[in-house]
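Protein chains in written order, with the numbering used here: chain A, 1 to 336; chain B, 1001 to 1336; chain C, 2001 to 2296; chain D, 3001 to 3508.
Backbone N, C-alpha and C fix where the C-beta goes; we use that ideal spot for every residue, glycine too.
Worksheet: the structure to be examined is printed underneath.
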Amino acid sequence: MLKKELGLLVLILVIGFITAAINPQFASQVNLMNLANQIGLFGLISIGVGLVIITGGVELSVGSMFALLGVIFLDLLVNHELGWPLSLLITLAGGSALGAIHGLLVTRLKMQPFVVTLCGLLLYRGIARWYTADSTQGFGYGEGYETLEWLMSGRTYNIPHTFIFLIIVAAIMAVVLHRSVYGRYLFAVGKSEEAARFSGIPTNAVITMAYVIAGTLAGISSVFFVFYTQSVSPSAHGNFYELYAIAAAVLGGCSLRGGEGSILGIVLGTVLLQVLQNLVNILGIPSSLNFAVMGAVILLGVLTDQQLQRRRQHRLATASADARELAKEGTAGAAV
Amino acid sequence: MLKKELGLLVLILVIGFITAAINPQFASQVNLMNLANQIGLFGLISIGVGLVIITGGVELSVGSMFALLGVIFLDLLVNHELGWPLSLLITLAGGSALGAIHGLLVTRLKMQPFVVTLCGLLLYRGIARWYTADSTQGFGYGEGYETLEWLMSGRTYNIPHTFIFLIIVAAIMAVVLHRSVYGRYLFAVGKSEEAARFSGIPTNAVITMAYVIAGTLAGISSVFFVFYTQSVSPSAHGNFYELYAIAAAVLGGCSLRGGEGSILGIVLGTVLLQVLQNLVNILGIPSSLNFAVMGAVILLGVLTDQQLQRRRQHRLATASADARELAKEGTAGAAV
Amino acid sequence: TVAQEKKTLAFVVNVPADFWQIARRGTEKAQKELPNYNIEFYIPGEMSAAAQKRIMEDLLAKGVAGISISPVNPDNSTEILNQVASKAALFTQDADAPKSNRALYIGTDNVAAGRQAGEQMLKSLPNGGKAMVFVGTMDAANARERLQGIKEAIAGSKIEILDVRTDGGDQTKAKANVEDTLTKYPNIDMLVGLWAYNTPQIYNAVKAAGKEGTLKIVGFDEDQQTLKGISDGAIDATVVQQPYEFGYQSMIYLAKYIEGDRSFIPADKQKIIPTQVIDKSNVKEFSAKVRDLLKK
Amino acid sequence: MSHTLLELRSITKTYPGVKALRGVDLTVGKGEVVGLIGENGAGKSTLMKILGGVVKPSSGTIVIDGVPKPALSIKDAAHAGIAFVHQELHLFENLDVAANIYIGREPRKGGILNLIDNAALHHRVKPLLSRLGVDFKPDDPVERLSIAQRQMVEIAKALSMDARVIIMDEPTSSLTLTETDKLLKVIADLKAAGVSIIYISHRLNEVRHCADRVVVLRDGRQVGELPKAQITSAAMVRLMIGRDLKSLYIPPKAGIRPGGLEVQGLVTSAFPKREVSLSVSRGEILGLAGLIGAGRTSMAQAIFGVDPALRGRILLDGEPISIKVPADAIARGIYLAPEDRKKSGLLLDMTVAENISLPDLSRFAKAMLVDTAREATVAKEQCRSLAIKTPTIDTDAVTLSGGNQQKIVLAKWISMRPQFIIFDEPTRGIDVGAKGEIYALMRALADAGVAILMISSDMEEVIGVSDRIAVMHEGQISGLLERSRFSEHNVLMLAVGNLAKEEAVVHA
Ligand SMILES: Nc1ncnc2c1ncn2[C@@H]1O[C@H](COP(=O)(O)OP(=O)(O)OP(=O)(O)O)[C@@H](O)[C@H]1O
Ligand SMILES: Nc1ncnc2c1ncn2[C@@H]1O[C@H](COP(=O)(O)OP(=O)(O)OP(=O)(O)O)[C@@H](O)[C@H]1O
Ligand SMILES: [Mg+2]
Ligand SMILES: [Mg+2]
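This is the structure in structure tokens:
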């Protein structure tokens, strides 16, 4: 299990060292902190999407949720002057509610996750655009949310809060996923929903919960993003982010067939994607190649990992054949 | 089987009649022919993606293929003045080759289709942008391809060639999918690759072929689109089109779990999506609601269809149990 | 119905953006002055020639009387534009398509606007220096023209443009691009934003890095934050267009054109609405004007 | 019987197209082992699923401890102390053995955090596994276990529940004699401890061995009951199929003929260091016995080209052939009826006709198009000649009983002029009636000159059907037995790897 994450870590370090060798600024504190900030921004939602992927589902509406929840948050905070704690709470609740709707459609009405969240992708952005009449929302001259701004975009000991928050969430989610009963059920449901039901696991609740967590994390993320970009243009904000999140989760070892994945892997997947984006700029590679680099590295990364896994399994098989061999020598006499 | 398509057809007709009642121009010849043209443009690739979905895979790179192949086609035709038959052929071959690569990665290297084609999505657009240095490609003052232009964007008896071509391709593919050996293999592989392999079906070849067909259709489509838009901006051309194609296929009854779907359904799915886009403009609904309408209708469409199916199955079940009972009474004596 | 007796005029834009909200106010003012017309506003879902083309086709099917459009790919949209021009009155606005049969272009000369920005750059960096340019995508005509104008203006000076970083319309990426630039070139002298959201993101990133005042910023368009940055002194100048006039004038003139009046069409069929440089000296009144326009 | 624990009263269950149960009554007493038998599709599993809360009855009453209920949920059943070893395996391949055994009932710690107490978990699982005498550990991933090992995990899971009633739905279908013996011992222990068992099996020997009472279902109806004293194979068969079955096993009519299939030094990926050599003559049925994981399936799949051999030669009628993919084997008339018929043998969601025609589809085709008329004709013909019980040939395979499904697998190949067929566990989970038919089919094929290799873990079957028996152990052939030397003892000795002592066995 852990071999996968190790491979990813090695890949990240190798890429990091090469980049730093070419341009030492890559390893400068400023750059690393910027990078940490990006990782924090994108990591949260990768964790949420990763959980959904482990159930055997997929969550495509994240980018549109960012647009819709971002618009709502700004509207509450700036136009309705609602006070930041309440605005924040409503935004989070909104994310949870959207997640719950997805979960219920998937579990109760037996719709395919791809379909449900594809409709979400179209609907939420549509609503956001319609609600704002396609105009960019910003903080304008709003005031009174300095605490929130510091929480969401500040730094402590020069470490961005987004990153700190990601680490906290990742730690909690790692315990939930790998140590708790809920986590175990999640893996069980992802592998075989029917068998899980036969084992008395409340599969619908387990799956719905994964979507709710993803929605809530999307809610938090959307506030982080609002403070990062300081504005939300409903038609563009968060476009394609669902793909980044899925890519990070898949790179980190989540299988879209369900039942596989780890929080560490998802976080490392996010790190790799963000390092790639960063190095394009730091090395002065043409921006147009940004996506190409990302695509190529994901492809090669997944491919190499798979080949390594296969070879390892082969080795394991041979080893166990040898072990059987030995065991047999031992028991042959005893059996007679 | 056919009930599903019928339901979709009824939905399309109802929407059509309502729209025409509100604004009779919807049913005008001009509008219907425009609509036919759009259906032709988007239908081809939905068929390709639908085939891949039937194998249990998914094809996310279509939009990026449009950008890359469109750029290549224009480059060959305009800059290299290669003559249209050869340019066309190379573009189609390019599409087939990309499809073949996807197929091989999926079957030989056992990569997940989602991952392979996600990387394609990133890579191809990246390459197109890099190759053109992010500049829009157009026909410029190129000449000597009037025949091709007529073929690709002309009309015969006022029917757009794109639509005629779609009907031809759909007819051929319907025979291939529902009547041919290959089609049967495709469904078998989609339902259970292992069982198909144990029956001696060359599963790898069957799956790869589905990607090749999808790639080739993407190649043809990309030429159609080039003649429709007359230009290709590599960063925007075809963005999100993969989602339209998948949405059409899913609306038309393809299950992302594989092994289900029909060509008629896919075509009707495309028709519905295009009718929705068209009516937003015809009825003067705010453009910003375009996506929201699409998302809502897909959601409700799939949902209703599912509920109807379920009810029908229930009815069938009760009926056939009774029938069986009668039959049994009849044969019971004979068997002893 | 009444709506059908009225003639329809359509204002078609290229992509959702705030810029067009101001233009919409212009069309709304025109609507008040043109009670016999029905003015509609179209925003394609995505920035693509295909999406725009389908809107034009649908409008023709609806029997529109006049269209004023900002074509996404002007050079390559001649055919559809001519098709529109043959069935309805056609103006272009914001971006011109001189090869087509459009009756009139109302809008900015983006190369000239670029030159204005270049002059501001020269003013801000009289002794020269290194500059970086940020934009959504370089395959958009206005991005190319603005850059061309800038290059024309700074030709021969000591200002060097190091690179153009693109973000594909993603503002998060736009800000990250600026952050990475500040890391890679800690001593960079100037940042230029070509699209409306680029300048605010430059401003955000510079502020976050604590480099306000140590480098110069020149941008385009009138985003709220851009104007705030100019008041703060962090941004040197922005070159703004007058989208309100695009909206208002194109509708008024379209109606005149449909009624047979051709007198307002100049020989070159171009009505250039001049761009304006906003800097510390005039930002206050300009902000007030914009806020007024955007009031609902 | 001392005390009635639970009672099912006139249970009826209707499925789409099938009345699976019609007014069935069943009582189970404390500490009683009830054998539940019946042909495939008789409704045994359905009845048990109703008891386990997995399926809701259409009508009827379930009485537990005197309390009547119309239906049970999974929770109700667990609460009432009913544990279930499902016929279909319900394990999670991505979890380890211990996690699978306690899934849904994890020992917890950490209060509201609901963490899993792994130490307690392993502490509880270890004694269970040693009680069953299995060769895997609590933290082995289930992914790496063979079907038989997985079946042992299922059994361990049922044992772990401290249940009052354990339903075992064909628990031994993948087990060989040794494991079966262990299980029968466990059942005896449980009975002594007052646990009731409902034991479903098509291996009548086992039922005779352990049941206190046998209940027989036919066509969804309860057709009889046998008290302990009257439990004999003949009596059970008579009730099950409604008539006497003369003999399951038919002697060969024609002798061995020249030619056949020979395997020389075959190396499979499961045993990269072992070579298998074997030959099967035309006209003979070679039985292949061995313990779980001896490598029989791996060898069969290597010959058929599903998982091609690493090394070695395969000769058909003396001529070396190369098999890289199943199509190569099929082209030579070499076929495999696989071990896992639901996963590999059939496309469950396809119709009977489509399944039968699948491997030969291109020959049914005109200009690459499927000739559906011919397809239907062939399918009907096969259904008739193999007596496949299906409403129509357009019925989905998933709805048929196990025996009929297996016959469809055979029907695929029989119409295609076989030269050599491997039957991997051909009668797993199949009733006696259908077994007899399948044996007859195999014999008819052999008599027609086909070489047949029958892999089986069912000792009775191996000894009854085979003309010769080869035994495999740890990826190698450990010995060959001619008919005169057939005995459970001899097969078993070879199966545990007693190569050297073979002579001694003969004299014993
Ligand atoms: N989910 C289902 N849908 C439709 N029919 C079903 C379903 N499950 C079982 N049946 C049908 O109900 C009948 C009884 O099946 P059941 O599985 O109870 O038989 P069984 O006695 O356990 O047979 P076997 O010995 O093969 O396990 C069969 O005709 C079967 O095809
Ligand atoms: N592809 C593989 N890689 C590694 N080990 C394997 C592979 N296939 C099978 N094995 C292991 O090799 C051994 C032989 O398996 P095989 O299925 O051939 O045995 P078998 O005699 O048919 O047993 P069974 O009665 O369980 O079917 C088992 O321990 C199995 O777990
Ligand atoms: Mg059963
Ligand atoms: Mg086996």
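Might you give, ordered along the chain, the residues of its own chain that have their beta carbon closer than 8 Å to the beta carbon of residue i, omitting 5 neighbours on each side?
i          : result
Glu2152(C) : Val2111, Gly2114, Arg2115, Gly2118
Gly3318(D) : Gly3259, Glu3262
Measuring only between beta-carbons, confirm whether residue i sits less than 9 Å from chain D.
i          : result
Glu260(A)  : yes
Tyr1124(B) : no
Lys1003(B) : no
Could you check whether the Cβ of residue i sits closer than 9 Å to any Cβ belonging to chain C?
i          : result
Arg1129(B) : yes
Ile1164(B) : no
Ser64(A)   : no
Give me, in chain order, the residues of the same chain whose beta-carbon lies closer than 6 Å to that of residue i; leave out the 5 immediate sequence neighbours on both sides.
i          : result
Leu2034(C) : Ala2255
Tyr185(A)  : Ile201, Val206
Ser64(A)   : Leu121, Tyr124, Arg125
Ser233(A)  : Thr136
Leu118(A)  : Leu60
At least one CB of chain B closer than 9 Å to the CB of residue i: is that the case?
i          : result
Val2072(C) : yes
Ser288(A)  : yes
Ala296(A)  : yes
Pro2243(C) : no
Leu3410(D) : no
Pro3308(D) : no
Listing by chain order, which chain D residues have their CB less than 9 Å from the CB of residue i?
i          : result
Lys1191(B) : Leu3347, Leu3348, Asp3349, Met3350
Arg179(A)  : Gly3110, Leu3113, Leu3115, Ile3116, Asn3118
Tell me which residue opens and which closes the beta strand (DSSP E) that residue i is part of.
i          : result
Ile3166(D) : 3165-3169
His3473(D) : 3468-3473
Lys3075(D) : Counting along the chain, Lys3075(D) falls outside any beta strand (DSSP E), though it belongs to the alpha helix (DSSP H) covering 3074-3079.
Taking Cβ-Cβ distances shorter than 7 Å, what residues in chain D pair up with residue i?
i         : result
Gly200(A) : Ile3074, Lys3075, Ala3078, Gly3104
Run down chain B in chain order and give the residues with a C-beta less than 8 Å from the C-beta of residue i.
i          : result
Leu3336(D) : Phe1198
Lys3343(D) : Ser1192, Glu1194, Ala1195
In the DSSP assignment, the alpha helix (DSSP H) including residue i goes from what residue to what residue?
i          : result
Glu2079(C) : 2078-2087
Met33(A)   : 29-54
Lys1191(B) : 1181-1191
Check the Cβ-Cβ distances between residue i and every residue of chain A, and say whether any is below 9 Å.
i          : result
Arg3510(D) : Shown here, chain D extends from 3001 to 3508; a query on residue 3510(D) therefore has no answer.
Asn3490(D) : no
Met2121(C) : no
Gly2169(C) : yes
Met3001(D) : With a pLDDT of 45 at Met3001(D), under the threshold of 50, the modelled position of this residue cannot be trusted; read the value that follows with caution. Not closer than 9 Å to any Cβ of chain A, the Cβ of Met3001(D) fails to qualify, so no.
What does residue i reach in chain A if we use C-beta pairs closer than 7 Å?
i          : result
Asp1134(B) : Ser288
Taking residue i as the query, report the chain A residues whose CB atoms sit under 9 Å from its CB, ordered along the chain.
i          : result
Met1111(B) : Leu299, Val302, Leu303, Gln306
Could you pull out every residue in the same chain whose Cβ sits closer than 7 Å to the Cβ of residue i, ignoring the five residues on either side in sequence?
i        : result
Ile39(A) : Phe163, Leu166, Thr270, Val271, Gln274
List the residues of chain C whose Cβ lies closer than 9 Å to the Cβ of residue i, in chain order.
i         : result
Thr91(A)  : Residues of chain C passing the Cβ test: none, with the nearest at roughly 18 Å.
His237(A) : Asp2170, Gln2171, Thr2172
Asn281(A) : Arg2165, Ala2176, Asn2177, Glu2179, Asp2180, Thr2181, Thr2183, Lys2184
Going along chain A, which residues have a C-beta under 8 Å from residue i?
i          : result
His3090(D) : Ser192, Glu194, Ala195, Phe198, Ser199
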